[in-house]
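Asker: Numbering (the numbering used here), first residue to last: 3 to 117.
We treat Cβ as the ideally placed atom computed from N, Cα and C, and that holds for glycine.
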């Protein structure tokens, strides 16, 4: 099993920044990718950003140029730097890890962008 614990969510004004962090523990040796998903009220969960081993990254069009995903292999963490936040970024953000055919999820952290 892989355990994921997110931190860093909160309330921020439009145009502001937040940094999410996710710490992985357990059997992490075969994790092939880690990423961040989000789910807004009444909407489906969507992939925001993913980073694969060797550093290949993916970003949803809606966050390109504003969000940056990074992974610290020494600390077993994946981070999401979110800049120029918009109200439509408001959602619960979930950390995800892929290992073989399995997906593991964190408990989620709320991000609210509002005046």
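At 4 residues or longer, and completely inside the segment 80-109: list those alpha helix (DSSP H) runs for me, N to C.
Answerer: Those alpha helix (DSSP H) runs which fall completely within the segment 80-109 and span 4+ residues do not exist here.
Asker: Between residue 60 and the rest of its own chain, which residues show a CB-CB distance below 6 Å, the 5 nearest in sequence each way excluded?
Answerer: Counting from 1 along the chain shown, the entry for residue 60 is found at position 58. Taken in chain order, the residues that qualify are 52.
Asker: In terms of residues, what are the limits of the beta strand (DSSP E) holding residue 5?
Answerer: Counting from one through the chain shown, the residue named residue 5 turns up at place 3. Element bounds for residue 5: 4-9.
Asker: Suppose contacts are defined by Cβ-Cβ distances below 7 Å. Is residue 44 in contact with residue 112 by that definition?
Answerer: The residue given as residue 44 occupies position 42 in the chain shown. The residue given as residue 112 occupies position 110 in the chain shown. For residue 44 and residue 112, no; Cβs fall outside 7 Å.
Asker: When we look at the beta-carbon of residue 8 and count the other beta-carbons within 10 Å, is it buried (16 or more) or exposed?
Answerer: As a working note, residue 8 is residue 6 in the chain shown. Answer is buried; the Cβ neighbour count reaches 16.
Asker: Report yes or no: do three or more beta-carbon pairs, one from the segment 98-109 and one from the segment 34-44, lie closer than 8 Å?
Answerer: Cβ pair count under 8 Å is three or more, so yes.
Asker: Please tell me whether residue 68 and residue 86 are closer than 7 Å, where the distance is taken between their beta carbons.
Answerer: What you label residue 68 is simply residue 66 of the chain shown in a count that begins at 1. What you label residue 86 is simply residue 84 of the chain shown in a count that begins at 1. Yes, the pair counts as a contact, with Cβ atoms nearer than the cut-off.
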